[in-house]
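See below for the structure under consideration.
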Amino acid sequence: MAIGSPTARTLPPHLTGARELSDLLEVDPDVGLSSTEVEIRLAEHGPNELRSTDRVPLWRRVLAQFQDPLVYLLLVAIVVSITAWVLEGAQGLPVDAIVIGAILVLNAVLGFVQEAKAEDAVAALATMTAASSSVLRDGRPTELPSADLVPGDVLLLSEGDAVGADARLLEASGLKVQEAALTGESAATVKSATSLSGEVALADRVNMVHKGTAVVEGVGRAVVTATGMQSEMGHIAALLDRTEQQPSPLQVEIAKVSRTLGALVIGIAVVVMATLALVQGADSPQEWVTILLLGVSLAVAAVPEGLPAILSVVLAIGVRAMARRNAVMKHLHSVETLGSASVICSDKTGTLTRNEMTLRTIVTASGRVELSGTGYAPVGDAVLVAADDAGTDGDAADAAGTNGDATDAAGTNGDAADDAGTNGDAADAAGAAAEDLLVEARLVLIGGSVANNATISEQDGQWVVHGDPTEAAFIVASSKLGEVTERIGHYERRAEAPFTSERKMMSVLAHHDDRAENRIFTKGAADVLLDRCVAERHGDEVVPLDDAARARHLAVVEALSAEGYRTLGVAYRVADDGEPGHHDADVEHDLVLAGVVGIIDPPREEAQAAVAAAHRAGVRTIMITGDHPATAQRIAADLGIIAEGGRAAAGVELERLDDDALVDLVREVSVYARVAPHHKLRIVDALQRDGHVVAMTGDGVNDAPALKSADIGIAMGITGTEVTKEASRMILGDDNFATIVAAIHRGRIIFDNIGKFLRYMMSSNLGEVVTVFFGIVLAGVLGLRDTANPDALVVPLLATQILWINMVTDSVPALAMGVDPEIDDVMARPPRRPDRPILDRPMWARILFTGFLMGAVTLLTMDLFLPGGLLEGSESFDLARTAGFTTLVLAQLLNALSSRSAAQSSFHRMFRNPWLWAAIGLVVALQVVVVHVPVMQHAFTTVPLSGLQWLVCLAMASVVLWAQEVVKIAHRAWARHRPAPVLGAPAA
């Protein structure tokens, strides 16, 4: 296996010793590579990326804009037009062919630009959601994009990391890696830094970790041996390249509608051409070409072939706007699902709460210690509260905070003065009970700080946590209780049994340098930890933990939880002689309970309003947490998720339920406590079986299955692991529940805007079809004839005019509508049903009504100017057709204003979208050019209109707007009298 190292090697890395491999890669495992060396290796080996499919050349991307059956028809028509022009003597210029060709080119340019913008947005999203890795460089831990890894980099691996490159383990502690993506093995593989020999299959290389796999448990350190295409995952990159992305439901629906419309309109175009030929006849090749161009142009204009490109651009703009607000969608079309979300399953810690863990209280056998201060600044005092006394005097409080002679009370026998940690002055001031309480409280903080992987540091005047905020709370609290921090330094960790959500605890084996003694310290869920304890600490003594004591501690846990505290227990025992190298969960037995702590994590100020906003939008909030049920109930009630005294279901209860019973439970219960990751998955599945579209948050590696199963998997951007980010569809940049609700709000606006421009484009295109079809069928009734040339072929709109309308009114206003601000109150609606098509019956009814009205107004305008017909006029046919042409353009622009809402008046928030007004202004200016500039008049067969005639066109076009206003008034009146939908309420 090639590793591309600076030094040639003869053995593959899994058969090479860790130290030897480091020497060959010219890297110090304790320092890592230098920045200078990284630049050299990055230039030599290139970025750590798998080879993607080759980028399509520019010329092919441009050519692709013409790869459409309707465009092929136009190209054929152009060829026929030029042929006819040649046969007739090639007099002048083939104006129709030139104009249609120019319009095709302009349409291709617009399509190319739109697709390029969408591709740029996708590339930007890929950059924002790129995987990162922790490495050691220049002697310092550094977080960097995995694409920047080079051979020789020292990876720092921990639970939840996505392995960024192939690497040889240098050390590992309880390390398990999920390698199913590479080996097909479903069970996680236990890893170690041991040396191997002989031929070893890929799945059995326990001293290697590989790109594309995930750390599910434990920690480790490894040196990178292969990156990019040289990695094992790179060897199967060719298979990955052939994977095709499936279209989204919205893409499928629009493609289906386009195909249906295409078939329908081609049929209409054939009927139109046949009708023209039969009714008016065709006496020359040029007239046959005119008929052909009209039919083909009608088909092209009626089918919204630009919809996919416009849809992608609108989604891209919307998704980038969401990313600026800390909601990063990994795929454009995931926005579709946001508007349908009916349930948000959210973690409590850090999402609904501030994730600013503060250890406020320590409860032991002898009483309670209250700690002041908030956040992570190591500032605060301690007050001792004896078990039989509600308060204590100031001297006792001082003793708790300033007693420098007290030791850590880590021992278990009373004859060790260092173990007891008592100070004569403190004992005189606070009495024996306070002395015991102080010893026990210190032991709790020592145990919680040794069994701990967090650190805190001050950066630019702010205290920053590195690691789990809950663990950081112990570090901060230790500084508030006399010399605990210093005494923690006497312990050296030797091994670790990492925290797992199944055990709900972690343990470490630590060596005390003064006493030459090894201890097991365990920290975890207090009610769970109690089951592992056989004794408890009383001052300097260890006493058996009887049923009464257990009941007392459980009552403490319940009481703290009811106050909103997160409770953790701390226990310990002296390790047996044979345990120094032991680092699995088997050490968690026969423990001595030191005490219980209460950690407060206040709710986010904006969370309650966000829960209320979600409820108003018909989106139910479900809180899922590993905390005690009473804690979960208190926080949920404070946030409005459940009513006061509402029910919380525990994980043990879920275990007893089959799938059908769980579906019944999730209908009623909105708070779940003491849950394991597989419970999350079952909750998601049960909600989906009940017809819900589920958004699920997660941060730990074990949350990944639930996030994948959810309709919208949401990973935490700050505390989330790389594995959850890869499994998710959305990443929260600020880990804030309010951002989820804001993303749903924004997703609904985006989807609403898609409906707006669909309604606009479809009705406008239909208006063109109606104008041409009925203009030919009812030509005699409407007086559509050229009195100056009675034998001439008469059509209401020419092919060039139809294509012009299609080009200027379909793309620019539609794009502007795609960024329309909120017009309707989208959060007052229930979630959209996933099976409900965006083009539903009410929208089709509005499209048909507007399209036929637009066609009727256009034809009546022409009749108004022409002699004969229903309305008497006196102008030429060319002027009447120019007026009809202009009226149709203006009607479509006014239709854009009306299409912004199916219910609200067009004058409601009328000027909130400057882009739409700019688009309208641009189209009007272009229409003026087409009507009044001579060269454009020749190209599009138009004549100048007077100011009064422009006003007539505008007045006739406004009928479309006023008619829709009447429909909207009726709609609002009906809506006021119908029963309001029940959107749901907080669960009991």
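In my numbering, the protein residues as written are 1 to 988.
For glycine and all other residues, C-beta sits at the position ideal for the given N, C-alpha and C.
Residue i in three-state terms, based on DSSP
{"i": "Pro285", "result": "helix"}
{"i": "Asn355", "result": "coil"}
{"i": "Gln459", "result": "strand"}
{"i": "Thr392", "result": "Unreliable placement is indicated for Thr392, whose pLDDT of 36 sits below 50; the coordinate value is still reported in the next sentence. Of the three classes helix, strand and coil, the one that applies to Thr392 here is coil, per DSSP."}
{"i": "Leu606", "result": "First, the residue type needs correcting, since residue 606 is Glu and not Leu in the sequence shown. Residue state, collapsed to three classes: coil."}
{"i": "Thr225", "result": "strand"}
{"i": "Val484", "result": "helix"}
{"i": "Met817", "result": "helix"}
{"i": "Thr887", "result": "helix"}
{"i": "Gln178", "result": "strand"}
{"i": "Leu33", "result": "strand"}
{"i": "Pro914", "result": "helix"}
{"i": "Val363", "result": "strand"}
{"i": "Leu144", "result": "strand"}
{"i": "Ala90", "result": "coil"}
{"i": "Ser340", "result": "coil"}
{"i": "Ala165", "result": "coil"}
{"i": "Glu49", "result": "coil"}
{"i": "His466", "result": "strand"}
{"i": "Phe852", "result": "helix"}
Straight-line Cα distance separating residue j from residue i
{"i": "Ala617", "j": "Glu563", "result": "30 Å"}
{"i": "Leu654", "j": "Met623", "result": "15 Å"}
{"i": "Ser132", "j": "Thr374", "result": "32 Å"}
{"i": "Leu894", "j": "Trp917", "result": "11 Å"}
{"i": "Ile705", "j": "Ala555", "result": "Reading the sequence as shown, one finds Pro at residue 705 and not Ile. Between Pro705 and Ala555, the C-alpha separation is close to 35 Å."}
{"i": "His692", "j": "Val95", "result": "58 Å"}
{"i": "Ala814", "j": "Phe751", "result": "14 Å"}
{"i": "Leu315", "j": "His908", "result": "24 Å"}
{"i": "Thr351", "j": "His210", "result": "32 Å"}
{"i": "Arg41", "j": "Asp161", "result": "24 Å"}
{"i": "Pro837", "j": "Val812", "result": "25 Å"}
{"i": "Asp513", "j": "Glu356", "result": "33 Å"}
{"i": "Leu136", "j": "Glu496", "result": "21 Å"}
{"i": "Glu853", "j": "Gln964", "result": "The sequence as given places Leu at residue 853; Glu does not occur at that position. If you take the alpha carbons of Leu853 and Gln964, they lie about 10 Å apart."}
{"i": "Ala165", "j": "Gly212", "result": "8 Å"}
{"i": "Gly367", "j": "Leu384", "result": "8 Å"}
{"i": "Leu879", "j": "Met762", "result": "28 Å"}
{"i": "Val335", "j": "Gln633", "result": "32 Å"}
{"i": "Glu159", "j": "Gly700", "result": "8 Å"}
{"i": "Cys345", "j": "Leu687", "result": "10 Å"}
Proximal residues to residue i (C-beta, below 7 Å), its chain only, five neighbours per side dropped
{"i": "Val200", "result": "His14"}
{"i": "Gly461", "result": "none"}
{"i": "Glu644", "result": "Ala637"}
{"i": "Gly651", "result": "Arg674, Val675, Ala676 and His679"}
{"i": "Ile266", "result": "Ala299"}
{"i": "Val465", "result": "Tyr376, Ala454, Ile456 and Ala472"}
Other residues of its chain near residue i: CB distance less than 8 Å, five sequence neighbours each side excluded
{"i": "Val80", "result": "Val289 and Leu292"}
{"i": "Leu130", "result": "The sequence as given places Ala at residue 130; Leu does not occur at that position. Once the five neighbours on either side are set aside, the close Cβ partners of Ala130 are Pro145, Ser146 and Ala147."}
{"i": "Pro831", "result": "Gly339, Ser340, Ala341, Ser342, Ala617, Gly618, Val619 and Val693"}
DSSP bridge partner residues for residue i (one or two, in chain order)
{"i": "Thr374", "result": "Note: Thr374 sits in no beta bridge, so no partner."}
{"i": "Cys345", "result": "Ile622 and Met696"}
{"i": "Val154", "result": "Leu136 and Val223"}
{"i": "Tyr491", "result": "His512"}
{"i": "Glu171", "result": "Arg221"}
{"i": "Thr16", "result": "Beta-bridge pairing links Thr16 to no other residue."}
{"i": "Arg442", "result": "According to DSSP, which records beta bridges pairwise, Arg442 is partnered with nothing at all."}
Cβ shell of residue i (< 6 Å), same chain only, five flanking positions each side left out
{"i": "Val741", "result": "Ala610, Ala613 and Ala614"}
{"i": "Ile718", "result": "Asp735"}
{"i": "His932", "result": "Pro944"}
heavy atom of the ligand NAP below 7 Å from residue i C-beta
{"i": "Gly489", "result": "With respect to small molecules bound, the structure shown includes none, and the ligand NAP cannot be examined in it."}
| said: Give the list of continuous alpha helix (DSSP H) stretches no shorter than 4 residues that lie fully inside the region 624-654. | reply: 629-639
| Which residue spans inside the region 728-782 form an unbroken beta strand (DSSP E) run of at least 3? | 730-732
| 4 or more residues per run - each alpha helix (DSSP H) lying fully within the region 515-593 | 526-529 and 547-562
| Contained alpha helix (DSSP H) runs [length at least 4] in the region 804-849, N- to C-terminal order | 812-817
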